[in-house]
Structure formats: structure tokens, C-alpha cells
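Peer 1: Using our numbering, count along the sequence shown one by one with no gaps and you end on 156. Pasting a structure below so you can have a look.
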Amino acid sequence: MTVSERLAELGIELPSVVPPVAAYVPAKAHGDLVHTAGQLPFVSGALPATGKVGDGHGLVPASDAQTYARQCALNAIAAAAAAVGGADRLTGVLKVTGFVASVPEFTGQPGVINGASEFLGEVFGDAGKHARSAVGVPVLPLDSPVEVEVVFTFA
């Protein structure tokens, strides 16, 4: 099953590539790999939430951040697809790096980034299994709670 067929089966439309917010390109192909820039969870041109992930008043709940990590992964697929001439040229996922803007006492970064990893598994099946890092950081661009970069394989 192709990536576009699988997305359609999941009822997901590939979004437009999010324009860069600084001096970089959304994705860059080299050899049989395509590296994405860090993808924020933009939906229709806006962040669904801002702030730090953690437990308590005024913080982004980890369950919401996990959903945002999923959106980051979808945006990464869109960026990679644009760089290589279409989603169906993507053949798998090699590496995911996830950043979670979180309060110092929050240690659930891996669970948050599972939103991206599990989504990539849904789309790519066994070819979506990947190496991964999930890192807590004090702040991300535009005060996003999460950011995800992905290295895909393509043919």
C-alpha cells in the first residue's frame, strides 16, 4: 500500500508544506534519504497551542502535546513528500528526533513523542520503525510545545 493510499484509508489529507519561519528549507534530500527541518504542529497555518508541557494550571497537558507531536509527523511527511516529488516515493522512516518544551520537573518526553512515532508506524507499517530521541528543552520556536524532525528513506 502506498503512503497516499494509507493516509486515505486513515481519513487523513496531506497538508500543505508549512513555510519556513527562518533561513532554511522544510526538507532536503540526499542519496536515498530525506531530512526534514524541525516541524511544528501547525494546522491551517496556526499553532493549536503554545507554552510548556507539564501538569498543572496554564501548562499544556502531555496528552495534548502527544496529539501535537502526531501533527508534527504529518507535517514532516508533507515536507519530505514535497522534497522528493510525492508521498508515494517515501519508503520508510529511519530516525525521529522530538523536542518537548517542558517544565523542569516533567519527565514524560518519550510519551509525548510517541504521538509522532505511533503515527509514523500507522502510515508506514514495519517500514515506520525507527531510531529516536525525545528531548526536553526550555523553549521552542514560536513557543510551540513540540517540534519533530524526521529522516525518511525514499526511492
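Ideal placement from N, C-alpha and C gives every residue a C-beta, glycine not left out.
Roughly how many angstroms lie between the CA atoms of residue 26 and residue 133, to the nearest whole one?
Peer 2: Stepping through the sequence shown from its first residue, residue 26 is reached at position 25. Stepping through the sequence shown from its first residue, residue 133 is reached at position 132. Between residue 26 and residue 133, the C-alpha separation is close to 22 Å.
Peer 1: Based on DSSP bridge pairs, tell me the residues matched to residue 133.
Peer 2: Locating residue 133 in the sequence shown gives position 132, counting from the first residue. DSSP, once it has assigned bridges, lists 97 as partnering residue 133.
Peer 1: Alpha carbon to alpha carbon, how far is residue 64 from residue 125?
Peer 2: Here residue 64 refers to the residue found at position 63 when the sequence shown is read from its first residue. Here residue 125 refers to the residue found at position 124 when the sequence shown is read from its first residue. Their backbone Cα atoms lie some 23 Å apart in a straight line.
Peer 1: My understanding is that residue 143 touches residue 41, with C-beta atoms under 8 Å, so please give their C-beta distance in whole angstroms.
Peer 2: By 1-based counting over the sequence shown, the position of residue 143 is 142. By 1-based counting over the sequence shown, the position of residue 41 is 40. With 8 Å as the limit, residue 143 and residue 41 qualify as a contact, their Cβ atoms being about 7 Å apart.
Peer 1: I believe residue 107 touches residue 148 by the beta-carbon criterion, under 8 Å. Please report the beta-carbon distance rounded to the nearest angstrom.
Peer 2: Indexing the sequence shown from 1 puts residue 107 at position 106. Indexing the sequence shown from 1 puts residue 148 at position 147. Contact doesn't hold; Cβ gap of about 16 Å is too wide.
Peer 1: In chain order, what residues of the same chain lie with their CB nearer than 8 Å to the CB of residue 10, ignoring the 5 residues before and after it?
Peer 2: To locate residue 10, count along the sequence shown from 1; it is residue 9. Cβ within range, chain order: 2.
Peer 1: Within 10 Å of its beta-carbon, does residue 51 have 16 or more other beta-carbons around it, so buried, or fewer, so exposed?
Peer 2: Along the sequence shown, one-based indexing puts residue 51 at 50. Its Cβ having fewer than 16 others within 10 Å, residue 51 is exposed.
Peer 1: Can you name the start and end residues of the beta strand (DSSP E) that residue 4 belongs to?
Peer 2: Numbered from its first residue, the sequence shown carries residue 4 at position 3. Looking at the DSSP string, residue 4 is not in any beta strand (DSSP E); the run it does join, the alpha helix (DSSP H), is 4-10.
Peer 1: Which whole-angstrom value is the C-beta distance of residue 17 and residue 74, which I expect to be below 8 Å?
Peer 2: By 1-based counting over the sequence shown, the position of residue 17 is 16. By 1-based counting over the sequence shown, the position of residue 74 is 73. Contact doesn't hold; Cβ gap of about 16 Å is too wide.
Peer 1: Whole alpha helix (DSSP H) runs in the segment 29-97 with 4 or more residues, listed along the chain?
Peer 2: Correct list: 63-85.
Peer 1: Tell me which residues share the same chain as residue 39 and place their Cβ nearer than 6 Å to its Cβ, disregarding the 5 neighbours each side in the sequence.
Peer 2: Within the sequence shown, residue 39 is the residue found at index 38, counting from 1. Contacts found: 148, 150.
Peer 1: Could you check the C-alpha separation between residue 156 and residue 56 for me, to the nearest Å?
Peer 2: In the sequence shown, counting from the first residue as 1, residue 156 sits at position 155. In the sequence shown, counting from the first residue as 1, residue 56 sits at position 55. Spanning the two alpha carbons is a distance of roughly 43 Å.
Peer 1: By Cβ distance below 6 Å, which residues in the same chain neighbour residue 121 in space, the five residues on each side in sequence not counted?
Peer 2: Position 120 of the sequence shown, counted from the first residue, corresponds to residue 121. Here the set comprises 74, 94, 129.
Peer 1: For residue 34, I'd like the list of residues in its chain whose CB is within less than 8 Å of its CB, leaving aside the five on either flank, ordered along the chain.
Peer 2: Reading the sequence shown from its first residue, position 33 is the one you call residue 34. Here the set comprises 95, 152, 153, 154, 155.
Peer 1: I need the DSSP call for residue 23, collapsed to helix, strand or coil.
Peer 2: Numbered from 1 along the sequence shown, position 22 holds the residue referred to as residue 23. Here residue 23 sits in coil by DSSP.
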